[in-house]
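Trainee: Below: one structure in structure tokens.
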Amino acid sequence: MNAAELRRHSPSLDHVSKPKPTTGAPGPTLDSNTAHPAGKAKYGRFRAFLRAVSVFVYFASGCLTIHATQIIGAPLYYANRDLYYAYMSLTKASFGLLITTMTQWWAPTVIRISGDASVAGQLNLTPDGRIECAFPERMVMIANHQVWHWINDPRRQTLRKLKTRHTGTNLSSNGRNKSAQWAAKMGLRDMEHLMLPRSTGMFFCLNELRGTVDYVYDCTVAYEGVPRGKYGENYFTLSSTYFQGRPPKSVNFYWRRFALADIPLDSQEEFDKWLRERWYEKDALLEQYVSTGRFPANAAGIKGHIETEVRTQYWWEFIKIFVMLGSFGLIFSFFLRTFRALARG
């Protein structure tokens, strides 16, 4: 798909939603020393301890099972690369199941999703209440709450998906102070809910991906109940979320999409300006969320917001994590008993 076709198939930057911040509107107010966005702890110390033990046992057994399964399949790399990658994909899916079931069982959370017109038709709710994202196989995703990671196949030299968070760290008081100092030093307008983005890495990556990736997806994430000027990491800790039964009441996502052909990639300076403008828009989105408790509703497609929850499709899906290793164990046990029987005979 060439640049002209991309411009016909995706909204220009002029049509991308640019919400205006509602200044002066009060956000949630909490006593930071005693209150919690999810309310009081649901479980006392003893039950919280039992929950911690159960979480640890399930997570540790799942991780050990997945790693053992990967080790068993490692020789496939030298026999058949395609089979090896398919096998490892199954183990990665198993880790996704592990994390999903942990959240479903110990920290059930509502997911609320919306987006602008650029992602119309790509966010759908299935009849059984799950969310399906019709995103392309090759994409770049940026977020205000995402790890830096890319999937690189050295043999085929293909960069299929790139996920990046340009602040380089989780938002915190220390990070916000550094961002404010940098903004003052460079004469830039600082942000209230985000840190100024770092653009060098993404500028390099997007230039490398030219001609192979069509779109950049942007996701803005907000946790319900976090007071203005406070940070989610101070409330939604591992202990609070999984052991005390105080997960966020909802996690909210707002999606946008940009055609790579419309992004200024010939000049680092122009790209810096472009990325900062997108971050100012994200800051305005977060201001609207803090002020109203909602991101903008869907601009096209499903009306309002899509609501679902973190869960697996079937209650028994967690068994898949252990099936492959269990199968290897049964096969090994069968051959071992057969060998012993033959040896005795």
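For our numbering, add 1 to where a residue sits in the sequence shown, where the first one is 1.
We treat Cβ as the ideally placed atom computed from N, Cα and C, and that holds for glycine.
Could you give the distance in angstroms between the alpha-carbon of residue 277 and the alpha-carbon of residue 308?
Mentor: 30 Å
Trainee: From the DSSP output, read off the bridge partner residues of residue 251.
Mentor: 111
Trainee: Near residue 301, what residues of its chain come up, given a Cβ to Cβ distance below 6 Å and the 5 sequence neighbours on each side ignored?
Mentor: 118 and 121
Trainee: With a CB to CB cut of under 7 Å and the five nearest residues on each side skipped, what residues in its chain are close to residue 66?
Mentor: 322, 323 and 326
Trainee: For residue 224, which residues does DSSP report across the bridge?
Mentor: Beta-bridge partners of residue 224 (DSSP): 252.
Trainee: Three-state secondary structure (DSSP) at residue 138?
Mentor: Three-state result, residue 138: coil.
Trainee: By the three-class DSSP mapping on this structure, what secondary structure does residue 3 have?
Mentor: At residue 3 the pLDDT is 40, less than 50, meaning the model places this residue with poor confidence; the figure from the coordinates comes in the next sentence. DSSP, read as helix, strand or coil, puts residue 3 in coil.
Trainee: How is the alpha helix (DSSP H) around residue 326 delimited, first residue to last?
Mentor: 321 to 345
Trainee: Considering just the uninterrupted stretch of the beta strand (DSSP E) at residue 66, what are its terminal residues?
Mentor: Residue 66: not part of any beta strand (DSSP E); member of the alpha helix (DSSP H) spanning 46 to 74, first to last residue.
Trainee: How far does the beta strand (DSSP E) with residue 125 in it extend, from its first residue to its last?
Mentor: 124 to 126
Trainee: Under 6 Å Cβ to Cβ from residue 52, same chain only, skipping five residues before and after it: list those, please.
Mentor: 244
Trainee: Leaving out the 5 sequence neighbours to the left and right, which residues in its chain are closer than 6 Å to residue 26 when beta-carbon positions are compared?
Mentor: Because the pLDDT of residue 26 is 42, which lies under 50, any placement of that residue in the model is unreliable, and the question is left without a value.
Trainee: For the putative contact between residue 298 and residue 253, defined by C-beta atoms under 8 Å, what is the C-beta separation to the nearest angstrom?
Mentor: Not confirmed; about 12 Å, so no contact.
Trainee: Distance, Cα to Cα, residue 109 vs residue 199?
Mentor: 34 Å
Trainee: Does DSSP put residue 97 in a helix, a strand or coil?
Mentor: helix
Trainee: Quick check on residue 32: buried or exposed, where buried means 16 or more other Cβ atoms within 10 Å of its Cβ?
Mentor: Low confidence applies here, because residue 32 scores a pLDDT of 49, under 50, leaving its location unreliable; read the following figure in that light. Flag for residue 32 reads exposed.
Trainee: Since residue 38 contacts residue 227 with CB under 8 Å, what's their CB separation in whole angstroms?
Mentor: Taking 8 Å as the upper bound for CB-CB distance, residue 38 and residue 227 are in contact here, some 6 Å apart.
Trainee: Rounding to the nearest angstrom, what Cα-Cα distance links residue 310 and residue 112 in this structure?
Mentor: C-alpha separation (whole angstroms): 5 Å.
Trainee: Compute the beta-carbon to beta-carbon distance between residue 197 and residue 189, rounded to the nearest angstrom, for a pair I have assumed lies under 8 Å.
Mentor: 7 Å
Trainee: Reducing DSSP to helix, strand and coil, say where residue 257 ends up.
Mentor: strand
Trainee: Which residues mark the beginning and the end of the beta strand (DSSP E) in which residue 310 is found?
Mentor: 307 to 310
Trainee: For a quick check, are the C-beta atoms of residue 256 and residue 220 less than 8 Å apart?
Mentor: yes
Trainee: Tell me the rounded alpha-carbon separation between residue 305 and residue 290.
Mentor: 14 Å
Trainee: Comparing alpha-carbon positions, which option in 264, 231 and 346 lies nearest residue 36?
Mentor: 231
Trainee: Report the residue from 335, 103, 138 and 191 whose alpha carbon sits nearest the alpha carbon of residue 1.
Mentor: In this structure the chain extends from 2 to 346, so residue 1 is not present and cannot be described.
Trainee: Taking just the CA atoms, how far does residue 57 sit from residue 136?
Mentor: 34 Å
Trainee: State yes or no: is the C-beta of residue 44 within less than 8 Å of the C-beta of residue 330?
Mentor: Cβ distance not < 8 Å, so residue 44 and residue 330 don't count as in contact.
Trainee: Using the Cα positions of residue 274 and residue 181, report the straight-line distance between them to the nearest angstrom.
Mentor: 17 Å
Trainee: Rank 333, 116 and 201 by C-alpha distance to the C-alpha of residue 303 and give the top, closest one.
Mentor: 116
Trainee: When the Cα atoms are used, what is the spatial distance from residue 88 to residue 41?
Mentor: 44 Å
Trainee: Considering only their Cβ atoms, is the gap separating residue 98 from residue 319 smaller than 8 Å?
Mentor: yes
Trainee: What residue from 129, 78 and 100 has the CA that sits closest to residue 64's CA?
Mentor: It is 100 whose Cα lies nearest to the Cα of residue 64.
Trainee: Quick one: what does DSSP say residue 285 is sitting in, helix, strand or coil?
Mentor: helix
Trainee: Consult DSSP for residue 291 and reduce its assignment to one of helix, strand or coil.
Mentor: helix
Trainee: Looking at the secondary structure, which residues open and close the alpha helix (DSSP H) in which residue 208 lies?
Mentor: 201 to 210
Trainee: Can you list, in chain order, the residues of its chain whose CB lies under 6 Å from that of residue 157, leaving out five sequence neighbours each side?
Mentor: Any answer about residue 157 is weak, because its pLDDT of 42 lies below 50 and its placement is not dependable; what the coordinates show is given next. Excluding residues within five positions, none has a Cβ falling inside 6 Å.
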